[in-house]
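Each remark here refers to the structure printed beneath this line.
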Amino acid sequence: MKNILKVLAILVIATNIAIAQEDPSTNSQKWTSARPDGHAPISVMGDHTHHKGEWMFGYKFMNMNMEGLQHGQDNIKSSEVFNSYMVAPKKMTMQMHMLGVMYAPTDKLTLMVMTSVLDKEMDAYTKMGMNFTKNSSGFSDLKISGLYQLLNKNRQQVHAQLGVSIPTGSIEEKDVTAMSNKMQVILPYPMQLGSGTLDGLIAINYLAQSDYLSFGTQLKSTLRFGENDRDYRFGNNYTLNSWMAYKAASWLSMSARVEGSITDEISGNNSSLNPMMIPAANTKNSGAKTITTGVGINTYIPTGSFKNLRFGLEYAFPVYQDVNGIQLEKEETITLGLQYSFH
Ligand SMILES: [Cu+2]
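In the numbering used here, the protein residues as written are 698 to 1040.
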């Protein structure tokens, strides 16, 4: 993990030097979003701001896969799970449809609202080898944020995000399992759709660009307070996300991204869940430290009647994961999205 952080630090410094040296005559210019890499890789949220009076509508689709078992940093066999639990998870997929609206009442302030629909599926099996599938789907939490521009000069921008996540997502998702005698029972923590708590979102972004390169970094945290109606609270999350992009044409850029993320353990517990049933029903098997990398493309229409229409695609995969207790292992995440902005 240390080596990866070192590589990341060197990349950050090298890009900044490259950007600073490339064209000194443009140093007085402002940072601009009017280019394909004017937006971050499509998986990143809150990476850009808008000009006064500008609207943006966006749709993103994310597909995340998890498969195989992990204990801390190590892969384990199901027999290790069955020593302590009745059921072992096999794989889980999460699909997310996100709809977002952005509006800038001033050049300094951009407002952002995002709602999403989740579709989760977990395959698991009992010690006796009986396979079964659990599903949950519906709206997740509603996120409302303000993005405030703190600096925009020398082709660099700094902006902060302050927001709230309103618990519109259900924490009462139920399904029939192999162990529930055909009854609907409450599903484990990762299968729920919302946090059930009012959460704070806070982030700071730094963006820089030159004629052909751009760089961005975002430090973000999701801070959760209190306890939900089921007497628990998901762990806080802290993320450092950095990306670089190369503008290959006026309409196309290619990006690379590295994200370090820490999620704390769940506190409290839902007393309707049996913590001996499946690892995901036990709060000690929650939270992780991960490093994820991603490669992607952005396209942008710079002129004509579809001006400011964007498409982005990113493929991301973990290069390091250290989970608390026993959890499913993260595999790839694919994100794609369309964004359209207008005055
Ligand atoms: Cu936008």
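In this text, a Cβ means the ideal position worked out from N, Cα and C, and glycines have one as well. No experiment lies behind these values; they were computed from the predicted model shown.
Spatial neighbours of residue i within its chain, please: C-beta separation below 7 angstroms, excluding the five flanking residues on both sides.
i, result
"Met951", "Ala942, Tyr943, Ala945, Ile994"
"Asn933", "Ser918, Thr919, Leu920, Arg921, Asp961"
"Met827", "Ala875"
"Val882", "Lys871, Thr874"
"Leu1010", "Ile739, Gly993, Ile994, Leu1033"
"Phe754", "Val798, Tyr1037"
"Asn694", "Beyond the ends of the chain as shown, which are 698 and 1040, falls residue 694; an answer cannot be given."
Would residue i and residue j qualify as a contact pair, given that the criterion is a beta-carbon distance under 7 angstroms?
i, j, result
"Gln1024", "Gln767", "yes"
"Gln1043", "Asp928", "Absent from the structure is residue 1043, since the part of the chain shown begins at 698 and ends at 1040."
"Leu904", "Ser833", "no"
"Ser1038", "Glu751", "yes"
"Met759", "Thr1032", "yes"
"Gly897", "Gly866", "no"
"Val855", "Leu844", "no"
"Lys757", "Gly1034", "yes"
"Asp813", "Ser837", "The sequence shown places Ser at residue 813, rather than the Asp named in the question. Yes. Within cutoff."
"Ile863", "Gln889", "no"
"Met819", "Met789", "yes"
"Gly893", "Asn938", "no"
"Asn762", "Glu1028", "yes"
Leaving out five residues before and five after residue i in sequence, what residues of the same chain have Cβ atoms less than 8 angstroms from its Cβ?
i, result
"Ile975", "Tyr782, Met783, Val784, Ala785, Pro786, Ala821, Pro885"
"Val1016", "Ile701, Ile988, Thr989, Thr990"
"Gly726", "A quick correction: the sequence has Gln, not Gly, at residue 726. Result list for Gln726: Asn851, Arg852, in chain order."
"Met880", "Val873"
"Ile963", "Tyr886, Tyr929, Arg930, Phe931, Gly932, Thr980, Ser983, Gly984"
Note down, in chain order, each residue of its chain lying with its Cβ closer than 6 angstroms to the Cβ of residue i, except the 5 sequence neighbours on either side.
i, result
"Gly1022", "Lys981, Asn982"
"Ala953", "Met941, Val992"
"Ile901", "Ala857, Leu916"
"His1040", "Gly750, Glu751"
"Leu949", "Pro733, Thr996"
"Lys986", "Ile959, Asp1019"
"Ser969", "Ile883"
The beta strand (DSSP E) with residue i in it runs from where to where?
i, result
"Phe758", "752–768"
"Ser813", "806–823"
"Phe1039", "1023–1039"
"Ser842", "839–850"
"Gly913", "910–921"
"Lys727", "Here Lys727 belongs to no beta strand (DSSP E), and DSSP marks it neither H nor E."
"Thr894", "Careful: Thr894 lies outside any beta strand (DSSP E) and carries neither H nor E."
"Lys749", "Neither: Lys749 is in no beta strand (DSSP E) and is coded neither H nor E."
"Thr980", "Note, Thr980: premise wrong, no beta strand (DSSP E); not H, not E."
"Val992", "985–997"
In this structure, how does DSSP classify residue i when only helix, strand and coil are distinguished?
i, result
"Pro864", "coil"
"Tyr886", "helix"
"Thr874", "coil"
"Thr960", "strand"
"Asn934", "strand"
"Ala801", "coil"
"Pro1015", "strand"
"Gly965", "strand"
"Asp926", "coil"
"Gly826", "coil"
"Pro738", "coil"
"Pro733", "helix"
"Met793", "strand"
"Glu786", "In the sequence on display, residue 786 carries Pro and not Glu. The answer is strand: DSSP assigns Pro786 an E or B state."
Can you name the start and end residues of the alpha helix (DSSP H) that residue i belongs to?
i, result
"Phe1003", "That residue, Phe1003, is in no alpha helix (DSSP H); it is neither H nor E in DSSP."
"Val778", "775–779"
So residue i and residue j are in contact, right, with Cβ under 8 angstroms, and what is the actual spacing, rounded?
i, j, result
"Glu1050", "Glu1026", "Nothing can be reported for residue 1050, as the shown portion of the chain is limited to 698 through 1040."
"His747", "Met799", "6 angstroms"
"His794", "Arg1007", "In fact, because the Cβ distance is near 18 angstroms, the residues do not count as touching under 8 angstroms."
"Gly913", "Asp744", "6 angstroms"
"Leu859", "Ile899", "6 angstroms"
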